[in-house]
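Novice:
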Amino acid sequence: MNWTRSDYAEKIKKAIEDVVGGGVEVELTHPTVPEHGDYATNVALVAFGDSKWRIANGKWKSPLEFAEYIKIQLSKNDLLQAICERIEVAPPGFINFTIKKEVLLDSLMQSVNDEQFGESKLWEGKKIIIEYTDPNPFKEFHVGHLFTNAVGESLARLFESQGPEVKRANYQGDVGLHVAKAIYGILWNGKWRIEDVKNEPLDVRTKHLGEAYALGAKAYEEDQAAKEEIIALNKKVYDLDPEIKELYETGRKWSLDAFEQIYKRLDTRFDFYYFERDTGRVGEVLVKEHLKDGVFEESNGAIIFPGEKHGLHNRVFINSQGLPTYEAKDLGLAQTKYKDFPYTHSYIVTGNEIKEYFKVIIAALGSVDPELGRKVKHVAHGMVRLPTGKMSSRAGGVIGGESLLDEAKKRLLQAYPEMDEETAEKVGVGAVKYTLLKSAIGTDIIFDFDKSLSFEGDSGPYLQYTYARTQSVLEKSTDYGLPSTAVDGRRLTVDMSQEELALLRTFYKFPEVVSAAAENLAPNLVATYVIDLAQKYNAFYNKHRILEAEGGQKDLRLVLTEVVGTILRNGLGLLGIFAPEKM
RNA sequence: GUCCCCGUAGCUCAAUGGACAGAGCACAGGUUUCCUAAACCUGCGAUGAAGGUUCGAUUCCUUCCAGGGACACCA
């Protein structure tokens, strides 16, 4: 990660490079303690540890001495003097830079009310397609899908913040064994038929589908005859056999309608929807084409990609029934996407249990089309677990996506009876999303209702509450006759408290954090940053009166409030979380 | 068996090879005649074990221990 996106950082970096000589990559970091200033570099230390840095060894006895030398040279740099209040050397050899308050105030005024604050143009010209969510018709949309969606949507927004063209894709498995299992369950559940439930509300209908799937999945494992029938049904699904066509299409539509309902609640949307029925055909053709040149091989009646030759494992692409497996479909999907949108980068977001599967897919894709293979990246996130262990849709114990959102809303309304429905909905979704995004995406999430739907502390509602608080203050400020946006920056140069300074020294890091989050596929960096900002604001808020302050002091406090509001709104937006004006 | 991921306070999570490992929950105590107490303040408390590389290791390497995942016709 490199924290060199701000203007200050660029200037400081350049100045150091001028002193220590060309061809040297200077690293800048933000010190963890405020006393160490805004930026720090370890060049002097690195110079004594790295052999290619022998330049330092002859002339200086220690990193500390070398750092002192660099510091003295830097003090001759006018540009640096203009932005730095202090340049200090600290043992064992760090050089710390403290930016002038006036300089920070100046850029503060530029970010007031800037809806674009945090964005950059670093990725301009890239064309990115990102696939995520990928629920399967006939199966339940569960909390795992919610996780993939939260991660994917946030990444899509983070990408967009860096300037490229971004398309969102959703890939849904409308053919395959899972569909056959569900259809088996519909046909043989012995309790209801499609006609019986078709007038029920959507959620009741999809609940029936989920139960049918569970029934079919169980039968497939326990009953040989059922297994054979499901395999036969699978073929019929691919062929759209008249025997099941209507049933299939009805169930498929119910599922897709239900998914759309959830997307709306989640404030997520897609530019492209792909279905396995279509990608299967494309993939099948691709695989058969490359059977001739040896990319794929026949083995035991199936067509496989010999991953073992690439240090991976073998996988079946066309099964012995002649049907494309998920592997072939994914291959077809990569090509189909490219046809629809000639991407420079393609990201596929899924749970990490198929991490190694994707290594094989990308290796196979690279063998078929090396250029495409280089463009496709798999982004694996952790799994959602219950405190009791893994969720399984077969064994039950799956948390449904929709019911989780409902539960969050219900708990909010219980805790805050005066809250209106719509706010409860938004805050509930925010609570769930924040829980999913606050940790690094690769790690598993232990989902515990009481802890994960927390409304205080390190939580979505805490951020939303803090945002609403800033808006409430700003709204009231006009009663006092002072629109904060009309403040003259020069009036702000007053003595600042520790809390005010802490805020000022946090603001300018936001664009750096956003860029780093996009680069590292890490929404949690944004989450950590906004929590830290909100905590600093709340500490400030509790200690200092805003509306009762006077003159420049009041102006400063209002501007700080306004910028906190802007950053929280933009930051929450990057996480896909709504920032309510009131709550 | 082979390959991959992971192990940080009682719990859930942070920490681009850096300066005293940072939050939240829980627990103990405190703050409201005052802008939203979903808040704030104080206290308590952690890098699985052993080696190695480095000026410096939660981070990189090795071994061990513990957990999870993937390994051919499921997705």
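For what it's worth, the working numbering labels the leading residue of the first sequence as 16, then goes sequentially. From the three backbone atoms N, C-alpha and C, an ideal C-beta is built for every residue, glycine too. What you are looking at is a predicted structure, and each value in this text was computed from that prediction instead of being measured.
#1: Mark residue 167 as exposed unless 16 or more other C-beta atoms lie within 10 angstroms of its C-beta, in which case mark it buried.
#2: Under the rule that 16 or more other beta-carbon atoms within 10 Å means buried, what is residue 269, buried or exposed?
#3: Have a look at residue 520 and residue 53 and give me their C-alpha separation to the nearest angstrom.
#4: DSSP on residue 55, reduced to helix/strand/coil?
#5: Could you name the residues of the same chain whose beta carbon sits closer than 6 Å to that of residue 579, not counting the 5 residues immediately before and after it, in chain order?
#6: Ordered along the chain, which non-local residues of its own chain (more than five positions away) have a Cβ less than 7 Å from that of residue 144?
#7: Run the CB neighbour count on residue 347, radius 10 Å, all protein chains shown included, and call it buried at 16 or more, exposed below.
#8: Could you please give the first and the last residue of the uninterrupted alpha helix (DSSP H) stretch that includes residue 131?
#9: Is it right to say residue 107 is buried, meaning 16 or more other beta carbons lie within 10 angstroms of its own, or is it exposed?
#10: Residue 592 to residue 423, Cα distance in whole Å?
#11: Taking C-alpha atoms, which residue in 441, 280, 581 and 418 lies nearest to residue 219?
#12: Name the residue from 571, 598, 436 and 90 whose alpha carbon lies nearest to the alpha carbon of residue 477.
#13: Just list the alpha helix (DSSP H) runs in the stretch 380 to 446, keeping only unbroken ones of 4 residues or longer that don't cross its boundaries, in chain order.
#14: Suppose contacts are defined by Cβ-Cβ distances below 7 Å. Is residue 197 in contact with residue 228 by that definition?
#15: Can you list, in chain order, the residues of its chain whose CB lies under 7 Å from that of residue 409, leaving out five sequence neighbours each side?
#16: Check whether the stretch 148 to 163 touches the stretch 188 to 197, counting contact only when three or more Cβ pairs, one atom from each stretch, lie closer than 8 Å.
#17: Could you compute how far the alpha carbon of residue 320 sits from the alpha carbon of residue 243?
#18: Residue 267: buried (16+ other C-beta within 10 angstroms of its C-beta) or exposed?
#19: Give the single residue among 60, 489 and 121 whose Cα lies nearest to the Cα of residue 111.
#20: Under the rule that 16 or more other beta-carbon atoms within 10 Å means buried, what is residue 98, buried or exposed?
#21: Taking buried to mean at least 16 other C-beta atoms within 10 Å of its own C-beta, is residue 87 buried or exposed?
#22: Could you check the C-alpha separation between residue 449 and residue 536 for me, to the nearest Å?
#23: Indicate the three-state DSSP secondary structure (helix, strand or coil) for residue 568 in the structure shown.
#24: Hey, is the stretch 326 to 335 in contact with the stretch 296 to 305, meaning 3+ C-beta pairs nearer than 8 Å?
#25: CB residue 564 to CB residue 482, shorter than 7 Å?
#26: Bridge partners for residue 111 per DSSP, in chain order?
#27: Starting from the C-beta of residue 525, find all residues in its chain whose C-beta is less than 6 Å away, skip the five residues before and the five after it, and write them out in chain order.
#28: Compute the Euclidean distance between the alpha carbons of residue 541 and residue 124, then round it to the nearest angstrom.
#29: If you check the beta carbons only, do residue 142 and residue 180 fall under 7 Å apart?
#30: Candidates 345, 437, 550 and 225: which alpha carbon is nearest residue 146's?
#31: Roughly how many angstroms separate the alpha carbons of residue 117 and residue 529, rounded to a whole number?
#32: Which residues in the same chain as residue 138 place their Cβ atom closer than 6 Å to its Cβ, once the five residues preceding and following it in sequence are excluded?
#33: Does the distance from the C-beta atom of residue 571 to that of residue 509 stay below 7 Å?
#34: Taking 8 Å as the threshold, find out whether the stretch 434 to 442 comes into contact with the stretch 364 to 383 through three or more Cβ pairs.
#35: Is it right to say residue 199 is buried, meaning 16 or more other beta carbons lie within 10 angstroms of its own, or is it exposed?
#36: From the DSSP output, which residues share a beta bridge with residue 361?
Specialist: Short version:
#1: Walking along the first sequence from the start, residue 167 turns up at place 152. By the neighbour-count rule (16 or more Cβ atoms within 10 Å), residue 167 is buried.
#2: Locating residue 269 in the first sequence gives position 254, where the first residue counts as 1. Buried.
#3: As a first step, residue 520 is located in the first sequence; it is residue number 505 there, counting from the start. As a first step, residue 53 is located in the first sequence; it is residue number 38 there, counting from the start. Counting only the Cα atoms, residue 53 lies some 7 Å from residue 520.
#4: Against the first sequence, residue 55 aligns to sequence position 40. In the structure shown, residue 55 sits in a strand (DSSP, three-state: E or B).
#5: Position 564 of the first sequence holds residue 579. Only residues of its own chain outside the window of five on either side were considered, and among them 485 and 552 have a CB closer than 6 Å to the CB of residue 579, listed in chain order.
#6: The residue you call residue 144 lines up with position 129 of the first sequence. Excluding sequence neighbours, residue 144 sits near 182, 184, 352, 356, 358 and 361.
#7: Within the first sequence, numbered from 1, the residue matching residue 347 stands at position 332. Residue 347 should be labelled buried.
#8: Numbered from its first residue, the first sequence carries residue 131 at position 116. Looking at the DSSP string, residue 131 is not in any alpha helix (DSSP H), and its letter there is neither H nor E.
#9: As a first step, residue 107 must be located in the first sequence, where it is residue number 92. With fewer than 16 Cβ atoms within 10 Å of its Cβ, residue 107 is classed as exposed.
#10: For the purposes of this step, residue 592 is taken as residue 577 along the first sequence, with counting starting at 1. For the purposes of this step, residue 423 is taken as residue 408 along the first sequence, with counting starting at 1. Their Cα atoms are separated by approximately 14 Å.
#11: By one-based count along the first sequence, residue 219 stands at place 204. Answer by Cα proximity: 418.
#12: Counted from its first residue, the first sequence places residue 477 at position 462. Closest by alpha carbon: 598.
#13: Complete alpha helix (DSSP H) runs here, min 4: 385 to 390 and 416 to 430.
#14: Along the first sequence, read from residue 1 onward, the residue named residue 197 stands at position 182. Along the first sequence, read from residue 1 onward, the residue named residue 228 stands at position 213. Less than 7 Å separates the beta-carbon of residue 197 from that of residue 228.
#15: For the purposes of this step, residue 409 is taken as residue 394 along the first sequence, with counting starting at 1. Bear in mind that a pLDDT of 48 at residue 409, under 50, signals an unreliable position, so the number given afterwards is only what the model happens to contain. Excluding residues up to 5 positions away in sequence, 229, 232 and 233 lie with their Cβ nearer than 7 Å to the Cβ of residue 409 in the same chain.
#16: Counting Cβ pairs under 8 Å, three or more are found: they touch.
#17: The count along the first sequence starts at 1 and reaches residue 320 at position 305. The count along the first sequence starts at 1 and reaches residue 243 at position 228. One Cα belongs to residue 320, the other to residue 243, and the distance between them is close to 26 Å.
#18: Numbered from its first residue, the first sequence carries residue 267 at position 252. Around the beta-carbon of residue 267, 16 or more other beta-carbon atoms lie within 10 Å, marking it buried.
#19: Taking the first sequence and counting its residues from 1, the one referred to as residue 111 is at position 96. Checked all of 60, 489 and 121; the closest Cα to residue 111 is 60.
#20: As a working mapping, residue 98 is identified with position 83 in the first sequence. Residue environment analysis places residue 98 among the buried positions, since at least 16 neighbouring C-beta atoms fall within 10 angstroms of its C-beta.
#21: In the first sequence, residue 87 corresponds to position 72, counting from 1. Flag for residue 87 reads exposed.
#22: As a working note, residue 449 is residue 434 in the first sequence. As a working note, residue 536 is residue 521 in the first sequence. Going by the C-alpha atoms only, they are around 16 Å apart.
#23: As a first step, residue 568 is located in the first sequence; it is residue number 553 there, counting from the start. DSSP places residue 568 in helix when its eight states are reduced to three.
#24: Output reads yes: the stretch 296 to 305 touches the stretch 326 to 335.
#25: If you number the first sequence from 1, residue 564 lands on position 549. If you number the first sequence from 1, residue 482 lands on position 467. Taking 7 Å as the Cβ cut-off, residue 564 and residue 482 do not qualify as a contacting pair.
#26: Along the first sequence, read from residue 1 onward, the residue named residue 111 stands at position 96. Per DSSP, 55 and 103.
#27: In the first sequence, residue 525 corresponds to position 510, counting from 1. Counting only Cβ-Cβ distances below 6 Å, and skipping sequence neighbours, we find 133 and 582.
#28: Against the first sequence, residue 541 aligns to sequence position 526. Against the first sequence, residue 124 aligns to sequence position 109. Approximately 22 Å between the Cα atoms of the pair.
#29: Within the first sequence, the letter at position 127 stands for residue 142. Within the first sequence, the letter at position 165 stands for residue 180. Yes. Within cutoff.
#30: Residue mapping note: residue 146 aligns to position 131 of the first sequence, counting from 1. Comparing alpha-carbon positions, the option among 345, 437, 550 and 225 lying closest to residue 146 turns out to be 345.
#31: The residue you call residue 117 lines up with position 102 of the first sequence. The residue you call residue 529 lines up with position 514 of the first sequence. Roughly 24 Å separates the two Cα atoms.
#32: Here residue 138 corresponds to residue number 123 of the first sequence, with the count starting at 1. Exclusion of the five residues before and after residue 138 leaves 177, 178 and 179 as the residues of its chain whose Cβ lies within less than 6 Å of its Cβ.
#33: On the first sequence, residue 571 is found 556 positions in, with the first residue counted as 1. On the first sequence, residue 509 is found 494 positions in, with the first residue counted as 1. Their beta carbons are under 7 Å apart, which means residue 571 touches residue 509 by this criterion.
#34: The count of Cβ pairs closer than 8 Å, one atom from the stretch 434 to 442 and one from the stretch 364 to 383, stays below three, leaving the stretches out of contact.
#35: As a first step, residue 199 is located in the first sequence; it is residue number 184 there, counting from the start. It is buried - the Cβ of residue 199 has at least 16 other Cβ atoms within 10 Å.
#36: In the first sequence, the residue the question calls residue 361 occupies position 346. The bridge partners DSSP lists for residue 361 are 144 and 391.
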